[in-house]
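These protein sequence lines are chains H and L, in that order. Numbering-wise, the first sequence is residues 33 to 186 according to the numbering used here. Numbering-wise, the second sequence is residues 234 to 723 according to the numbering used here. Using N, Cα and C, we set each Cβ at its ideal position, and we do this for glycine too. Bear in mind the structure is a predicted one, so any value in this text is a computation, not a measurement. Heads up: the structure comes next, in structure tokens.
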Amino acid sequence: MFKKIDAVIGIVLILLSIFLLRESMSFPKSHIGLSPGSFPTFALVGIIILSIVLIIRDFVKGGSKISVKFTKRELKILLFSLGSFLIFILTLNYLGFLYSLIILIFLISLLAGYKPWYKALLFSVITCLVSYYIFSRIFLVPFLRPSLPIPFPF
Amino acid sequence: MGINLMEGFRLIFQPITLFYLIVGTIAGIIVGALPGLSASTGIILFLPLVYKMPSAEALIIMLGIYGGSMFGGSIPAILIRTPGTPSAGATVLDGYPLAQKGKAGLALGTSAIASSIGSFLSTIALVVIAPQLAKIALKFGPPEFFALVVFGLSAIATVTGKDVLKGFISALIGVILGTVGLDPVMGYSRFSFGSLYLESGLPLLPVMIGVFAIAQVLRDLEKEEERNIIAQKVTRVLPPKEELKGIFLAALFGSIVGIIIGIIPGIGGSVATYVAYGQYKRLSKKGKYFGEGVLEGVAVPESANNATTGGALIPLLTLGVPGDIVTAVLLGILILFGIKPGPLLFRENPILINKIFASMFIIAFLILVFGLLSAKYSQKIVYVPKRILTPIVLILCIIGAYSLNSSLYDVIVAIVFGVIGYFMEKFGFSVTPLLIALILSPIAEGELGRTILISRGNWTVLFTRPISLTFLVLTVIFVIYAFMGRKEEK
Chain H
33 MFKKIDAVIG IVLILLSIFL LRESMSFPKS HIGLSPGSFP TFALVGIIIL
83 SIVLIIRDFV KGGSKISVKF TKRELKILLF SLGSFLIFIL TLNYLGFLYS
133 LIILIFLISL LAGYKPWYKA LLFSVITCLV SYYIFSRIFL VPFLRPSLPI
183 PFPF
Chain L
234 MGINLMEGFR LIFQPITLFY LIVGTIAGII VGALPGLSAS TGIILFLPLV
284 YKMPSAEALI IMLGIYGGSM FGGSIPAILI RTPGTPSAGA TVLDGYPLAQ
334 KGKAGLALGT SAIASSIGSF LSTIALVVIA PQLAKIALKF GPPEFFALVV
384 FGLSAIATVT GKDVLKGFIS ALIGVILGTV GLDPVMGYSR FSFGSLYLES
434 GLPLLPVMIG VFAIAQVLRD LEKEEERNII AQKVTRVLPP KEELKGIFLA
484 ALFGSIVGII IGIIPGIGGS VATYVAYGQY KRLSKKGKYF GEGVLEGVAV
534 PESANNATTG GALIPLLTLG VPGDIVTAVL LGILILFGIK PGPLLFRENP
584 ILINKIFASM FIIAFLILVF GLLSAKYSQK IVYVPKRILT PIVLILCIIG
634 AYSLNSSLYD VIVAIVFGVI GYFMEKFGFS VTPLLIALIL SPIAEGELGR
684 TILISRGNWT VLFTRPISLT FLVLTVIFVI YAFMGRKEEK
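This is the structure we're talking about:
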């Protein structure tokens with residue numbers, strides 16, 4: 033799986049660097065001192081050169097030394113956690129910080145192996161409520177409140 | 234330079250400051266003892282709690298966590314053969330065999346004594362060397378600082394991670410990320426693509442929370458929980474009198490190695506412990522028994538990793554260049570508090586320096602006290618299950634990222650960089666050079682800009698001034714050696 037992963041990464045980095053290099057070339061030139069594009073250009077050229085070396089090395093050595101393997105379980109966990117983060121971000125404006133955080137932590141607790149689900153839910157509710165209380169009351173952090181008409185404890 | 238240790242102690246010996254020191258050290262021991270949480274992650278997770286405190290007090294807590302975690306890492310290394318932090322890796326070699334012999338308490342006691350000696354001696358080195366180095370650094374101009382940053386970055390890129398080439402790519406990506414936002418000379422918006430958020434640059438701390446803590450959460454979720462580890466019973470903690478001389482000598486040796494390696498940018502505690510352990514094994518009469526469970530085998534790496542703390546603070550405070558990843562995080566925090574480390578800090582803010590120096594001595598003492606006291610309870614710390622620890626770490630990450638500026642954008646940045654950090658490690662790219670480059674990139678660009686200005690566009694000034702030339706030559710030697718050395722290793 034992903035035998036020439038370094039070569040793939042190298043190509044992606046080169047394409048990204050070329051795109052950013054075009055951007056930095058369009059920055060205005062300064063007559064005194066360093067132009068806005070000079071420093072990034074230097075770094076981007078460096079990335080392109082090193083990425084070419086990475087690609088060549090990958091082909092010369094017949095594949096990457098690192099084994100980037102995702103087992104079915106790992107892939108499931110990764111996708112599930114990314115999905116949980118996405119749900120958190122998407123619900124923030126509607127449910128507010130506390131409820132979205134409870135949902136996120138409940139999902140992550142299940143992924144971390146908390147069983148049964150209702151204990152995971154109880155754990156998420158308690159830890160999030162305590163953390164929310166400490167940070168909002170003691171450290172005076174102004175958390176986002178729900179915009180939907182739902183009951184809110186604080 | 235206005236260094237007055239007694240003044241520092243006078244300021245530190247306030248009940249509230251001592252309380253902060255104790256909290257920091259205990260928190261550090263716990264963080265270090267929890268496998269999967271490193272010193273840098275611990276410091277980042279604590280940042281939201283200290284963000285609104287005065288800078289000196291916040292820094293004192295962070296230093297307590299730094300020192301405490303270096304010792305704390307030895308607890309699971311001894312009890313369950315799993316180093317709590319990367320720099321406790323060498324402690325496993327003799328710590329675990331000692332535990333198997335029923336001497337886990339003695340190993341933990343030795344670790345506390347050696348860690349305390351390492352911290353104490355490295356603080357002496359810090360107090361002696363830092364002001365002198367700061368005096369020399371006062372003579373540095375922009376070309377010297379630019380060359381120094383280039384050297385520091387190259388050293389970090391070559392040493393961290395298993396692949397030098399990927400280390401450099403990671404560092405250069407960090408440099409590019411550091412240029413996002415308004416440029417320092419003309420105020421031109423770079424790589425912001427019309428986003429107002431990006432115009433002010435990438436927020437440093439959410440990026441740190443992401444690449445260290447959230448990426449770690451993702452990695453922890455992947456791992457199966459180990460249920461069959463049997464911890465060893467902790468009984469007697471204090472080593473017998475006849476063993477003390479050997480332990481002190483070993484700790485002295487480890488401390489010297491740790492201090493020297495700590496000063497060199499990029500190498501850090503992990504390398505220091507293995508170098509010290511290997512060399513002492515060769516020199517000591519008991520060397521042939523190393524690996525079978527001797528107390529000196531615990532004392533050497535534990536003193537070495539704690540000694541790197543003071544060593545790594547020397548380039549951070551005097552030159553503004555971090556010695557390892559934890560000091561890189563500390564640099565980010567100092568910048569957040571509006572403190573610019575460097576030689577001028579010693580002249581302009583001697584109170585802070587005095588407080589730092591004095592608190593480092595107290596931390597060395599607290600490591601001994603709480604290290605010995607915690608030995609009997611250490612099994613409970615080691616066994617916090619993943620299903621509890623991982624969600625709590627994530628709560629602290631999310632609330633931490635949000636609370637810095639009460640901004641959802643910061644939370645999104647932390648999550649995005651968490652995913653980036655996860656994939657980078659998966660593909661063999663160390664995130665350390667990226668993060669350090671992200672911090673140092675604006676400094677390097679600023680110094681280079683000033684160099685070009687004062688030399689009226691003459692770039693060769695970098696090669697004609699002896700100190701900057703020395704740093705640049707050292708950079709080239711370091712890079713060539715790193716590439717050649719790694720080839721030979723293969």
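Could you check where the alpha helix (DSSP H) with residue i kicks off and where it finishes?
i, result
"residue 468/L", "From DSSP, residue 468/L is part of no alpha helix (DSSP H); its letter is neither H nor E."
"residue 213/H", "Since the first residue shown for chain H is 33 and the last is 186, residue 213/H is missing from the structure and cannot be characterised."
"residue 449/L", "448 to 455"
"residue 90/H", "70 to 92"
"residue 67/H", "That residue, residue 67/H, is in no alpha helix (DSSP H); it is neither H nor E in DSSP."
"residue 562/L", "558 to 569"
"residue 692/L", "Premise fails: residue 692/L is in no alpha helix (DSSP H) and is neither H nor E."
"residue 240/L", "238 to 245"
"residue 578/L", "576 to 581"
"residue 439/L", "437 to 441"
"residue 205/H", "There is simply no residue 205/H to check, as chain H begins at 33 and stops at 186 in what is shown."
Please list, in chain order, the chain L residues whose beta carbon lies closer than 7 angstroms to that of residue i.
i, result
"residue 159/H", "624, 625 and 628"
"residue 72/H", "409, 412 and 423"
"residue 18/H", "Because residue 18/H is not part of the residues shown, which for chain H are 33 to 186, the question remains open."
"residue 146/H", "620"
Exposed or buried, what is residue i when buried is set at 16 or more other beta-carbons lying within 10 Å of its beta-carbon?
i, result
"residue 253/L", "buried"
"residue 167/H", "buried"
"residue 186/H", "exposed"
"residue 461/L", "Residue placement at residue 461/L is poorly supported in this model, since its pLDDT is 48, which falls under 50; the coordinates still yield a value, given next. So residue 461/L ends up on the exposed side."
"residue 299/L", "buried"
"residue 469/L", "exposed"
"residue 657/L", "buried"
"residue 554/L", "buried"
"residue 713/L", "exposed"
"residue 579/L", "buried"
Chain H partners of residue i, CB-CB under 7 angstroms?
i, result
"residue 455/L", "106 and 109"
"residue 419/L", "60, 62 and 68"
"residue 682/L", "65 and 66"
"residue 686/L", "64 and 65"
"residue 424/L", "52 and 55"
"residue 416/L", "68"
Is residue i near the ligand ADP, judged by its Cβ being under 7 angstroms from some heavy atom?
i, result
"residue 146/H", "Judged by which ligands are present, the structure shown has none, so any question about the ligand ADP falls away."
When you compare only the Cα positions, how much space is there between residue i and residue j?
i, j, result
"residue 421/L", "residue 63/H", "14 angstroms"
"residue 545/L", "residue 150/H", "47 angstroms"
"residue 347/L", "residue 155/H", "39 angstroms"
"residue 354/L", "residue 559/L", "19 angstroms"
"residue 645/L", "residue 594/L", "39 angstroms"
"residue 512/L", "residue 706/L", "29 angstroms"
"residue 723/L", "residue 395/L", "Bear in mind that the predicted position of residue 723/L carries a pLDDT of just 47, short of 50, making it unreliable; the figure below should be weighed with that in mind. Cα to Cα, the separation comes out at about 11 angstroms."
"residue 80/H", "residue 113/H", "33 angstroms"
"residue 576/L", "residue 485/L", "29 angstroms"
"residue 693/L", "residue 563/L", "33 angstroms"
"residue 276/L", "residue 141/H", "23 angstroms"
"residue 508/L", "residue 282/L", "36 angstroms"
"residue 495/L", "residue 690/L", "36 angstroms"
"residue 673/L", "residue 682/L", "14 angstroms"
"residue 603/L", "residue 301/L", "9 angstroms"
"residue 116/H", "residue 715/L", "41 angstroms"
Could you work out which residues of chain L lie near residue i, taking near to mean beta carbons separated by less than 8 angstroms?
i, result
"residue 129/H", "635"
"residue 174/H", "639"
"residue 79/H", "402, 405, 406 and 409"
"residue 115/H", "Chain L residues near residue 115/H: none, gap ~12 angstroms exceeds 8 angstroms."
"residue 167/H", "281, 632 and 636"
"residue 140/H", "450, 454, 623, 624 and 627"
Which residues of chain L have a Cβ atom closer than 9 angstroms to the Cβ of residue i, listed in chain order?
i, result
"residue 179/H", "By Cβ distance, chain L contributes nothing, its closest Cβ being about 13 angstroms from residue 179/H, past 9 angstroms."
"residue 121/H", "641, 644, 645 and 648"
| Are the region 611 to 620 of chain L and the region 409 to 429 of chain L touching by the rule of at least three beta carbon pairs closer than 8 angstroms? | The way I'd put it, the region 611 to 620 of chain L doesn't touch the region 409 to 429 of chain L; fewer than three beta-carbon pairs between them come closer than 8 angstroms.
| message | With three or more beta-carbon pairs closer than 8 angstroms as the criterion, would you say the region 74 to 84 of chain H touches the region 396 to 412 of chain L? | response | In short, these stretches touch, since the Cβ pair count reaches three.
| Counting Cβ pairs closer than 8 angstroms, one from the region 521 to 532 of chain L and one from the region 544 to 559 of chain L, do we hit at least three? | Contact fails: fewer than three Cβ-Cβ distances are below 8 angstroms.
| Should the region 666 to 677 of chain L be regarded as contacting the region 48 to 56 of chain H, the criterion being three or more beta carbon pairs within less than 8 angstroms? | These segments do not touch.
| Given 8 angstroms as the limit, is there contact between the region 663 to 673 of chain L and the region 336 to 350 of chain L, that is, 3 or more CB pairs closer than that? | In short, these stretches do not touch, since the Cβ pair count stays below three.
| task | Tell me, please, whether the region 634 to 653 of chain L touches the region 303 to 312 of chain L by the rule of three or more beta-carbon pairs shorter than 8 angstroms. | result | Contact fails: fewer than three Cβ-Cβ distances are below 8 angstroms.
| Looking at C-beta atoms only, is the number of pairs between the region 262 to 269 of chain L and the region 173 to 182 of chain H that lie closer than 8 angstroms three or more? | No, because fewer than three Cβ pairs between the region 262 to 269 of chain L and the region 173 to 182 of chain H fall closer than 8 angstroms, the two stretches do not touch.
| Cβ contact (3+ pairs, closer than 8 angstroms) linking the region 625 to 637 of chain L and the region 367 to 386 of chain L | Flag = no, the region 625 to 637 of chain L and the region 367 to 386 of chain L do not touch.
| said: Does the region 617 to 626 of chain L come into contact with the region 376 to 384 of chain L, if we say contact requires no fewer than three beta-carbon pairs (one atom in each stretch) closer than 8 angstroms? | reply: No contact exists between the region 617 to 626 of chain L and the region 376 to 384 of chain L.
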